[in-house]
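Working notes, beginning with the structure itself.
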Amino acid sequence: MSKLHVAIIMDGNGRWAQSRRRPRLAGHQAGADAVRRTVEAAPGLGIGVLTLYAFSSDNWKRPSEEVAGLMRLLGLYLQRETARCVKNGVRVSIIGRRDRLPSDLLPLIESAERETRNGTRLHLRVAVDYSARDSILRAASVVKEVSRESFAHALGRACHCEEAAPDVDLLIRTGGEQRLSDFLLWECAYAELHFTPTMWPDFSAADLEAALADFRRRQRRFGGLPALAAG
Ligand code: FPP
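Following numbering that gives the first Met the number 0, the numbering of the sequence shown begins with 0 at its first residue and continues without gaps.
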């Protein structure tokens, strides 16, 4: 069975914290723990590529303390988890714009990407200052040949990734909302969608397993006919 590309919109950190009368940043911290659990569980569940939406280009609209806290958390995560990723064969890429990120985050991103580049068990892509529509526009402005393949490559490069991302097989969104929020719009053309009311900090390996079990029950036709009816 070929390995899956699973993408996750990690929603609900703020509400998780609010319901515990804690600051929103405590929700993001608990969210970072859920990221670690998910990354550990993913390879054993047949996932080869995992793309996580950590910070959208629209998230700059949030209060500056929350933005700064999120950037700090990302830096801490990269510092703390890079060695574990190397050990576990996890390659880390950060996708999105880099020119607006805090300057002290950039060397952490570059060293995490460099140190983990030989990982083959899982490709962990973390989307930071990411907007699918802006990436599509950047790719469209440089693409030389108008074909799906070359556009997908240009899109990868527009997000600071060496290669084109494979199509997303399963998109999970936690936190009860049912929308795409400008995430991987090109790559999700035939993605199966899974929405769960679970807040991201509560998301567990069992929840990931349940989402995959739901995915495996779906019949993917890609615009064709079911196998039995096809003849
Ligand atoms: C959405 O929840 C979540 C975010 C905007 C940030 C996601 C960040 C993390 C999970 C932690 C850091 C990430 C990594 C990769 C270490 P929300 O704040 O919009 O929640 P709400 O809808 O309940 O307010």
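In this text, a Cβ means the ideal position worked out from N, Cα and C, and glycines have one as well.
| query | result |
| --- | --- |
| DSSP bridge partner residues for L123 (one or two, in chain order) | L49 and V91 |
| Between the CA atoms of A164 and F182 - distance to the nearest angstrom | 13 Å |
| Beta carbon of P106 nearer than 8 Å to that of M70 | no |
| Contact test: M0 Cβ vs the ligand FPP heavy atom, cutoff 7 Å | no |
| Which of helix, strand or coil DSSP assigns to V34 | helix |
| Y189 CB to nearest heavy atom of the ligand FPP below 7 Å | no |
| Between the CA atoms of R120 and N87 - distance to the nearest angstrom | 7 Å |
| Local Cβ density within 10 Å of Y189, reported as buried at 16 or more and exposed below that | exposed |
| C-beta contact flag for G94 and A126 at 8 Å | Per the sequence shown, the amino acid found at residue 94 is Ile instead of Gly. Yes, Cβ-Cβ distance for I94 and A126 is below 8 Å. |
| Beta-bridge pairing of E191 - partner residues as DSSP gives them | L169 |
| Coarse secondary structure for D57, derived from DSSP in three states | helix |
| Alpha-carbon to alpha-carbon, A16 and K2 | 34 Å |
| Distance, F54 Cα to Y129 Cα | 7 Å |
| Proximal residues to H152 (C-beta, below 6 Å), its chain only, five neighbours per side dropped | A163 |
| Candidates P225, L75, G13 and L51: closest to L24 by CA position | G13 |
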